[in-house]
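Reviewing the structure listed below.
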Amino acid sequence: MKAQRAAVLLASLGVLLVPAGRGLARDSNNTDAETRKTAYSGIIGARMVDPSLTSAVSPPGLAVLLTTDRKDRRAAAKIGLRLGDDFFADLRFSVPFGDPQDEAEPITLDGLARSAAVDLGIHYLAWNPKLDVDEAKAIRDEFLVRNPRVKNFVLSLNGLKGEPDLRRRLLAAIRWRAAFFAALRTKVGRQDFTYSDRSFRSFSAQKTNASLEAAAGALFPELGYIGFSWEIQRFYEAGEAADLILPFQGGPVQQVKRVVMGPPARRTRNRLQVEYRSPILPWLAVNPRASYFPKENIVLLELPVYFFRSPEEGLNGGVDILWTSKGQGRFGLALFIGSAFSLTPD
Numbered sequence: 016m017k018a019q020r021a022a023v024l025l026a027s028l029g030v031l032l033v034p035a036g037r038g039l040a041r042d043s044n045n046t047d048a049e050t051r052k053t054a055y056s057g058i059i060g061a062r063m064v065d066p067s068l069t070s071a072v073s074p075p076g077l078a079v080l081l082t083t084d085r086k087d088r089r090a091a092a093k094i095g096l097r098l099g100d101d102f103f104a105d106l107r108f109s110v111p112f113g114d115p116q117d118e119a120e121p122i123t124l125d126g127l128a129r130s131a132a133v134d135l136g137i138h139y140l141a142w143n144p145k146l147d148v149d150e151a152k153a154i155r156d157e158f159l160v161r162n163p164r165v166k167n168f169v170l171s172l173n174g175l176k177g178e179p180d181l182r183r184r185l186l187a188a189i190r191w192r193a194a195f196f197a198a199l200r201t202k203v204g205r206q207d208f209t210y211s212d213r214s215f216r217s218f219s220a221q222k223t224n225a226s227l228e229a230a231a232g233a234l235f236p237e238l239g240y241i242g243f244s245w246e247i248q249r250f251y252e253a254g255e256a257a258d259l260i261l262p263f264q265g266g267p268v269q270q271v272k273r274v275v276m277g278p279p280a281r282r283t284r285n286r287l288q289v290e291y292r293s294p295i296l297p298w299l300a301v302n303p304r305a306s307y308f309p310k311e312n313i314v315l316l317e318l319p320v321y322f323f324r325s326p327e328e329g330l331n332g333g334v335d336i337l338w339t340s341k342g343q344g345r346f347g348l349a350l351f352i353g354s355a356f357s358l359t360p361d
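Heads up, the sequence shown is in the numbering used here, so the first residue is 16 and it goes up one at a time.
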């Protein structure tokens, strides 16, 4: 029995294969794609969900959402693709649709918040759950007793959809252990600027902003996800805006015109961040984050609270409460809403 237990191999995404009449499967290449997707989405996905698309590490999937941070509103979308058992990638697109004349810095201190950006992430997952082989055999035998006409049955989460009590037993027979994540993200964005020189002549310029982020974390079944990240951004910042009183078309009537004096200046910013994610209820999750910007000696605290109609359907959304130590300290409030549609390709 010990040798048989040692021979049991589970694929890194929770593959549970027990072919009827042939003992336990040894070849992880014979994995059931639906089982892998169900296990990943149901166990990992529930703890890794991030409807606001702000965290560096996330499970593969497709999401569409709208976000707003005071006047700094954005639309974003993400699509994910699995690259094997341990690697996957996701591509995010984001476009600002706030007031382009508002030059105030976002409270998140994100230098690319005003850019139309493309964001590519490469992720690595190390996850090795273990299965109670004796319990799995008992579940398989019980299924065959209930369904005597089924031939060549392979025990899997997907195969037990019609037997919810056996499916729960199979999930309980898995020792999930911790899952370890690593990610590398790069973002490139373009931003338009309009400014004036000392002669009040108007100019336009388009600049390229970019960032690189590295992240790692661990998902503990009973505690939730704890992660760390480091990001460096190179971006352009608009000059100071001023209200000028100028003659209207050279006549006696005057007008007030708001202009930005001088071209945009290039900036570099580093950020260190720690985050925690955990579902509290089936319809409620939290993702507190703390960020530190060493060059500027600024602290940013965020408390996103996510609300779900259900894990599988309906609209998802939430609220993000923010505080930054910049200046005398200030608070912010971000609201976001997105579709619950999720696609986890194998």
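We put the beta carbon where it would ideally sit given N, CA and C, even for glycine.
**Prompt:** Under 8 Å between the Cβ atoms of residue 75 and residue 99?
**Reply:** Your numbering for residue 75 matches position 60 in the sequence shown. Your numbering for residue 99 matches position 84 in the sequence shown. Not closer than 8 Å, so no.
**Exposed unless 16 or more other CB atoms sit within 10 angstroms - verdict on residue 202** = For this step, residue 202 is matched to residue 187 along the sequence shown. By the neighbour-count rule (16 or more Cβ atoms within 10 Å), residue 202 is buried.
**Request:** Measure how close the beta-carbons of residue 281 and residue 310 come, nearest whole angstrom, since I'm counting them as under 8 Å.
**Result:** In the sequence shown, residue 281 corresponds to position 266, counting from 1. In the sequence shown, residue 310 corresponds to position 295, counting from 1. Not confirmed; about 14 Å, so no contact.
**Message:** Taking the straight line between their C-alpha atoms, what separation do you get for residue 240 and residue 250?
**Reply:** Taking the first residue of the sequence shown as 1, we reach residue 240 at position 225. Taking the first residue of the sequence shown as 1, we reach residue 250 at position 235. Near 30 Å, if we compare the C-alpha coordinates of residue 250 and residue 240.
**Item:** Member of 195, 158 and 189 whose CA lies at the smallest distance from the CA of residue 179
**Value:** Taking the sequence shown and counting its residues from 1, the one referred to as residue 179 is at position 164. Among 195, 158 and 189, the Cα nearest to that of residue 179 is on 158.
**Request:** Leaving out five residues on either side along the sequence, give the residues of the same chain with a beta carbon under 6 Å from the beta carbon of residue 69.
**Result:** Taking the first residue of the sequence shown as position 1, residue 69 is located at position 54. Cβ neighbours of residue 69 beyond the five flanking positions: none.
**Asked** Helix, strand or coil: how does DSSP classify residue 133 here?
**Response** In the sequence shown, the residue the question calls residue 133 occupies position 118. Three-state DSSP puts residue 133 in a strand.
**Prompt:** Can you name the start and end residues of the beta strand (DSSP E) that residue 205 belongs to?
**Reply:** As a position in the sequence shown, residue 205 is number 190, starting the count at 1. 194 to 211 is the span of the beta strand (DSSP E), which, as asked, contains residue 205.
**Prompt:** What is the DSSP secondary structure of residue 153, counted as helix, strand or coil?
**Reply:** To locate residue 153, count along the sequence shown from 1; it is residue 138. Residue state, collapsed to three classes: helix.
**Request:** Measure the alpha-carbon distance for residue 352 versus residue 66 and round it to whole angstroms.
**Result:** To locate residue 352, count along the sequence shown from 1; it is residue 337. To locate residue 66, count along the sequence shown from 1; it is residue 51. Taking the straight line joining both Cα atoms gives about 8 Å.
**Prompt:** By DSSP, does residue 344 sit in helix, in strand, or in coil?
**Reply:** To locate residue 344, count along the sequence shown from 1; it is residue 329. Residue 344: coil per DSSP, three-state reduction.
**Request:** State the beta-bridge partners of residue 331 as determined by DSSP.
**Result:** Within the sequence shown, the letter at position 316 stands for residue 331. Paired residues: 323 and 353.
**Request:** Determine which residues share a DSSP beta bridge with residue 285 and list them.
**Result:** As a position in the sequence shown, residue 285 is number 270, starting the count at 1. Its beta-bridge partners are 247.
**Request:** Buried or exposed for residue 224, please, with buried defined as at least 16 other CB atoms from any protein chain shown within 10 angstroms of its CB.
**Result:** Working through the sequence shown from its first residue, we reach residue 224 at position 209. Classification of residue 224: buried, given that the 10 Å Cβ count is 16 or more.
**Prompt:** Relative to the C-alpha of residue 212, which residue among 235, 257 and 243 is closest?
**Reply:** Taking the sequence shown and counting its residues from 1, the one referred to as residue 212 is at position 197. That would be 257, whose Cα lies nearest to the Cα of residue 212.
**Asked** Considering residue 164, what are the terminal residues of the alpha helix (DSSP H) in which it resides?
**Response** In the sequence shown, the residue the question calls residue 164 occupies position 149. Here residue 164 belongs to no alpha helix (DSSP H), and DSSP marks it neither H nor E.
**Item:** The beta strand (DSSP E) enclosing residue 262, as first and last residue numbers
**Value:** The sequence position of residue 262 within the sequence shown is 247, counting from 1. Residues 256 to 262.
**Item:** Exposure label - residue 255; buried when at least 16 CB within 10 Å
**Value:** In the sequence shown, the residue the question calls residue 255 occupies position 240. By the neighbour-count rule (16 or more Cβ atoms within 10 Å), residue 255 is not buried but exposed.
**Item:** N- and C-terminal bounds of the beta strand (DSSP E) containing residue 253
**Value:** As a working note, residue 253 is residue 238 in the sequence shown. Per DSSP, residue 253 belongs to no beta strand (DSSP E) and is neither H nor E.
**Request:** Helix, strand or coil for residue 180, going by three-state DSSP, please let me know.
**Result:** In the sequence shown, counting from the first residue as 1, residue 180 sits at position 165. Helix, per DSSP.
**Asked** Can you tell me the Cα-Cα spacing of residue 320 and residue 177, whole angstroms?
**Response** As a position in the sequence shown, residue 320 is number 305, starting the count at 1. As a position in the sequence shown, residue 177 is number 162, starting the count at 1. Going by the C-alpha atoms only, they are around 34 Å apart.
**Asked** Of the residues 111, 101, 103 and 102, which one's Cα is nearest the Cα of residue 92?
**Response** Within the sequence shown, residue 92 is the residue found at index 77, counting from 1. Ranking the options by Cα distance to residue 92, first place goes to 111.
**Residues bridged to residue 219 (per DSSP)** = The residue you call residue 219 lines up with position 204 of the sequence shown. Paired residue(s): 209.
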